[in-house]
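Chains as they are written, first to last, in full-length UniProt numbering: chain X, 1 to 147; chain W, 1 to 147.
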DNA sequence: TTGAAAATATTGAATATTCAACAATTGAAG
DNA sequence: CTTCAATTGTTGAATATTCAATATTTTCAA
């Protein structure tokens, strides 16, 4: 009699797979909303981080928005062309570039925020208040325990 | 006095962001393990799905491994070159291609499974048994409620 | 039975991402 | 001080992904 083995468990039971699947689905929904303004999810994240009005270095930003450096550089290039953000050399460390959000960027960010809030509310409705906050709590703690 | 608004909540509090972050981190860890065999995560998923020995169509496979069709086609091309899998025309519906895992693929899949199990056990240790199963349950239910 | 629509997989061009190398600046040890 | 290593950001080439168009087969209505 064969003993049950983890190695035979279907892919759908792996945490890594469930995370990928959930992420894909939620991201797809968010993408759909933000596409109303023609903006990819990553750009919304960038705008949101910068909307505190402070300057953020590229490295800091890359960490915050989950992009690696070259990808971020190229995305920022586009956003600068669209005058959503702008670069300023850090006066205290001239290796660094500080990114700031423009007025136009702020206006767009507000619109995007409300589209994103729509989605969160939609999730709350179909998935439930309690499940949502419990899931968030568990995700935060997983991320913590991974560092 | 300004009332607290969801729209100002930091990006780190959004479910979509937490999912992306957790997914990124867990995937990174898994990638690291599987790189011992030089195999990307997606190929492991493909092998795992095919390791039931049955033929799976490209569409079915694309859904299961969370890749869109053209990407899967090109990845399968590589795996066929590496003789990990092979194509057979579906005799019942000649539009379809059925994918099968090869003997070499099975051998590789076993090694990959044990690397993946290592990771899951590492997560169980640092994150805890209870949290892990609770998180899995919530993720499954989120995915369910999104369809 | 025929012809139009749907389903399935692949292709090639356009786009995006990644890797490795680079340039500029700072930090720090001798 | 000077030099060498580390940090920061960008670039270009290589790679990968996506979108739109295509080919093939099946389905189904007329």
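Backbone N, C-alpha and C define an ideal beta-carbon position, used for all residues, glycine too.
Can you look up residue i in the DSSP assignment and give me helix, strand or coil?
i, result
"residue 56 of chain W", "strand"
"residue 61 of chain X", "helix"
"residue 84 of chain W", "coil"
"residue 117 of chain W", "helix"
"residue 127 of chain W", "helix"
"residue 105 of chain W", "helix"
"residue 40 of chain X", "coil"
"residue 51 of chain W", "coil"
"residue 8 of chain X", "helix"
"residue 141 of chain W", "helix"
"residue 69 of chain W", "helix"
"residue 146 of chain X", "coil"
Please name the residue in the options whose C-alpha comes closest to that of residue i.
i, options, result
"residue 60 of chain X", "X/53, X/17, X/110, X/96", "X/96"
"residue 76 of chain X", "X/102, X/32, X/9, X/91", "X/102"
"residue 54 of chain X", "X/88, X/81, X/79", "X/88"
"residue 141 of chain X", "W/57, W/14, W/104, W/18", "W/18"
"residue 100 of chain X", "X/22, X/25, X/20, X/52", "X/52"
"residue 29 of chain W", "W/81, W/111, W/116, W/94", "W/116"
Does the beta-carbon of residue i have 16 or more other beta-carbons within 10 angstroms, so that it is buried, or is it exposed?
i, result
"residue 108 of chain W", "buried"
"residue 68 of chain W", "exposed"
"residue 32 of chain W", "exposed"
"residue 105 of chain W", "buried"
"residue 147 of chain W", "exposed"
"residue 14 of chain W", "buried"
"residue 56 of chain X", "buried"
"residue 92 of chain W", "exposed"
"residue 8 of chain W", "exposed"
Apart from the five residues just before and just after residue i, which ones in its own chain have a Cβ nearer than 8 Å to its Cβ?
i, result
"residue 218 of chain X", "In the structure displayed, chain X extends from 1 to 147; residue 218 of chain X sits before or after that span and is not available."
By Cβ distance below 7 Å, which residues in the same chain neighbour residue i in space, the five residues on each side in sequence not counted?
i, result
"residue 171 of chain W", "Since the displayed chain W opens at 1 and closes at 147, residue 171 of chain W lies outside it and no answer follows."
"residue 11 of chain W", "17"
"residue 119 of chain W", "29, 30, 33"
So who's on the other strand from residue i, going by DSSP bridges?
i, result
"residue 79 of chain W", "According to DSSP, which records beta bridges pairwise, residue 79 of chain W is partnered with nothing at all."
"residue 97 of chain W", "W/89"
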